[in-house]
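To keep things clear, I will list the structure first and then write my remarks on it.
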Amino acid sequence: MAKQYETVIGLEVHVELATKTKIFCGCSTAFGGAPNTHTCPVCTGMPGSLPVLNKKVVEYATAVGLATNCKITQVCKFDRKNYFYPDNPQNYQISQLYLPIARDGYVEIEAGGHQKKIRIHEMHMEEDAGKLVHDEWDDTSLVDYNRSGVPLIEIVSEPDMRSADEVMAYLEKLRLIIQYLGASDCKLQEGSMRADVNLSIREVGAEEFGTRTEMKNLNSFKAIARAIDGERARQIELLEEGKEVIQETRRWDDNKEYSYAMRSKEDAQDYRYFPEPDLVPIVISDEWIAKIRTAQPEFQTEKMERYKKEFEIPEYDAGILTGSKKMADLFEATTAICGKPKKVSNWLMGETLRLMKEQGVEVDDLKFSPENLAKLVNLVDSGDINSSVAKEVFEKIFTKNIDPDKYVEEQGLKTVNDDGALKAVIEEIIAKNPKAVAEYKGGKEKAIGALVGQTMKAMQGKANPAKVNEMLKEMLKA
C-alpha cells in the first residue's frame, strides 16, 4: 500500500510598517522613487553614523502583538545579525533575537470547514535590506538602498499548518488584522508583506518532523500556494526514491513553477548575534500598552456582527464588505452620508465587484468617493434616474469618480416624469404595434414586455420602466 504523507508548514511573515520614515533614520519609506534617493549615511551604513529608534515602529509592533494575542516583552532590545550580502550596507542587520517584542500568540482561522488556532512563536522588529536589481542585458547586478532601513516586523508561526488552504487562511487573517490596525497596507506586489515558507513532510501518524526547507521569493498568494504544492511533491519524490531531504533555503521560480537551492540553511550561530551596542533597551510601560490597547479598532468579526444587527445585512454580504478595510470604510462612509445601508451594500456587492473583476482592479485601488456613491443612491431612490441609467452612471463613477448629479444634468439623463409626454409616446407605440396589442388583449401577458421596450427606446431610456408598465396596462384596458 502506498505511503500517506502529511505536510507540516510554518511561516515567517515579514511586514513593512506604514511609518512615514525609516526605523533608525529620517529617510522616506515611500514605495518607488529613483534608486538610492531615499537614503542617508545611517541607512547606507556609513562608518560613524548612529541609529535612532522610530517610536512609531514600537507602537505598531505592539499593536500587532496585542491583536494577535501575544505577550508583549516590556523590556526588549535589539541585536546585531551579521551577514555579508551586497544589499546589506552595514554587513549586519539590526534585528531582535534574545528579547523579541512579542511572543506566544495565536490567530484563529477557518479552513476546510473547521476552526483552528495557529500559534505565533514570536514577533520581532528589524530593518529591511536594500534591493538587488539584476540586469540580464548587461549581465550586471545593481543595488538600490531605498528599502534599506524600512521598518519590518517578522511574525514567526509554529509549524501548525497542514495545507495550502490553511496557509492562505492564516495569511488572509494576518493581513486583515494588520490592515485594520493601519500598521501596513500589506501589498504583496509591492513587497510590503512577504512570506517565507518552512515546509517538511512526514508519514501520516509519525510523531517526529521531517527535514524542512525554507522557500523564499514568494510575492503573491497564488505563488505561495503553488510553491507549497511544488515543494511537497519534490520532497515526497525524494523520499520515495530513498533519498534524503536536505535542510536548505530554496528560491521559488513562479514562471517555471520550480524551486532551486540557494544556500544551505543557516542557524542562529552562523549569524554571530550579539546585543546591538548603539541602541538602548526599550521599556514599554503598562500605561503605554493600555493606551495602544484602547486605540485598537473594531476588527472583522465584531464588524460583521454589527453590520448584521445594525444594518440587517446578510452574513455572506457582511463577510465580503468587511473582508477588506477599504471596502468596509467605503460602505460605512457612504452609509453615513445617505443613510441607506442596504442600497449601498447592493451597489458594492453587485456592480462594484462585477467591474473589479472585469477590469482586474484590486479593492485597495478603488478610486471612487463615498460622496459620489451616496449621490447615486439618492438619485435612484428619488426616481430621478432609473436603474439602467444608474448602471451607466456608476461605470463613470467607478472609472473616473465623476459627480453623478452634474453628469446626469449635463447628459440629460433625468427620468421624464411628465405624464402628458409619456402618454403621447405610449399612444404612438400602441398604434404602431397592433400585433403585440392583440396578443396582450388575447391573454398573452408577456406581450406587454415588447411594448415597454419600445416605449423605453422612444424615451431614450429616460422613463421609469415601472411607470411605463403601469400606464400601458391602464391604456390597454381602456
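Reminder that position 62 of the sequence shown reads as 63 in my numbering, one-by-one numbering, no gaps. No residue lacks a Cβ here, since even glycine has one placed at the ideal position from N, Cα and C.
Check, Outcome
"Taking all protein chains shown into account, do 16 or more other C-beta atoms lie within 10 angstroms of the C-beta of residue 205, making it buried, or fewer, making it exposed?", "exposed"
"Going along the chain, which unbroken runs of the beta strand (DSSP E) with 3 or more residues stay wholly within the region 121-161?", "132-136, 141-145, 152-158"
"Could you check what DSSP says for residue 49 in three-state terms: helix, strand or coil?", "coil"
"What are the uninterrupted segments assigned as alpha helix (DSSP H) that are 4 or more residues long and contained completely in the region 381-426, given in chain order?", "388-401, 405-411"
"At which residues does the beta strand (DSSP E) containing residue 204 begin and terminate?", "194-204"
"When DSSP builds the beta bridges, which residues end up paired with residue 8?", "202"
"Check each candidate in 9, 32, 25 and name the one with the smallest Cα separation from residue 42.", "25"
"What separation, rounded to the nearest whole angstrom, lies between the Cα atoms of residue 38 and residue 200?", "38 angstroms"
"Would you say residue 188 and residue 330 are within 8 angstroms of each other, going by their C-beta atoms?", "no"
"Could you tell me the alpha carbon to alpha carbon distance between residue 210 and residue 224, rounded to whole angstroms?", "24 angstroms"
"Whole-angstrom Cβ separation of residue 414 and residue 386, contact assumed at under 8 angstroms?", "6 angstroms"
"Going along the chain, which residues of its own chain have a beta-carbon closer than 6 angstroms to the beta-carbon of residue 180, five neighbours each way excluded?", "187, 326"
"For the alpha helix (DSSP H) holding residue 285, just list the boundary residues, first then last.", "Where residue 285 is concerned, there is no enclosing alpha helix (DSSP H), given that its DSSP letter is neither H nor E."
"At which residue ranges does the region 214-262 contain complete beta strand (DSSP E) runs of 3 or more residues, listed in the order of the chain?", "214-217, 249-254"
"With DSSP as the reference, please indicate the residues paired to residue 325 in a beta bridge.", "Paired residues: none, contrary to the question."
"Return helix, strand or coil for residue 339, following the three-state DSSP convention.", "helix"
"Taking the continuous beta strand (DSSP E) assigned at residue 103, which residues delimit it?", "103-112"
"When you compare only the Cα positions, how much space is there between residue 392 and residue 447?", "25 angstroms"
"Under 8 angstroms Cβ to Cβ from residue 150, same chain only, skipping five residues before and after it: list those, please.", "23, 24, 25, 26, 28, 43, 44, 128, 129"
"Please return the same chain residues whose Cβ sits closer than 7 angstroms to the Cβ of residue 165, not counting the five positions on each side in sequence.", "226, 229, 230"
"Quick one: what's got a C-beta closer than 6 angstroms to residue 61's C-beta in the same chain, skipping five residues either side?", "18, 184"
"Given this structure, state the Cα-to-Cα distance separating residue 143 from residue 292, to the nearest angstrom.", "44 angstroms"
"Evaluate contact between the region 94-104 and the region 68-80, counting only Cβ atoms and requiring at least three cross-stretch pairs below 8 angstroms.", "yes"
"In the DSSP assignment, what residue or residues form a beta bridge with residue 93?", "83"
"For residue 25, name the three-state secondary structure that DSSP assigns.", "coil"
"Once DSSP output is grouped into helix, strand and coil, what is the label at residue 275?", "strand"
"Could you give the C-beta distance for residue 122 and residue 96, rounded to a whole number, given that I count them as a contact under 8 angstroms?", "So it is not a contact: roughly 15 angstroms between Cβ atoms."
"In the structure shown, what three-state DSSP assignment does residue 445 receive?", "coil"
"What three-state label does DSSP hand residue 13 in the structure shown?", "strand"
"Within the same chain, show all residues whose beta-carbon is closer than 8 angstroms to that of residue 221, passing over the 5 residues directly before and after it, in chain order.", "189, 190, 255"
"Identify the residues that DSSP records as bridge partners of residue 76: which are they?", "284"
"Smallest Cα separation from residue 379: which of 368, 394, 367?", "394"
"Candidates 31, 91, 163: which alpha carbon is nearest residue 47's?", "91"
"Please identify the residue among 152, 133, 139 whose C-alpha is closest to the C-alpha of residue 145.", "133"
"Evaluate residue 369 with the Cβ neighbour count: other Cβ atoms within 10 Å of its Cβ, from every protein chain shown; 16 or more gives buried, anything less gives exposed.", "buried"
"Could you give the distance in angstroms between the alpha-carbon of residue 430 and the alpha-carbon of residue 457?", "10 angstroms"
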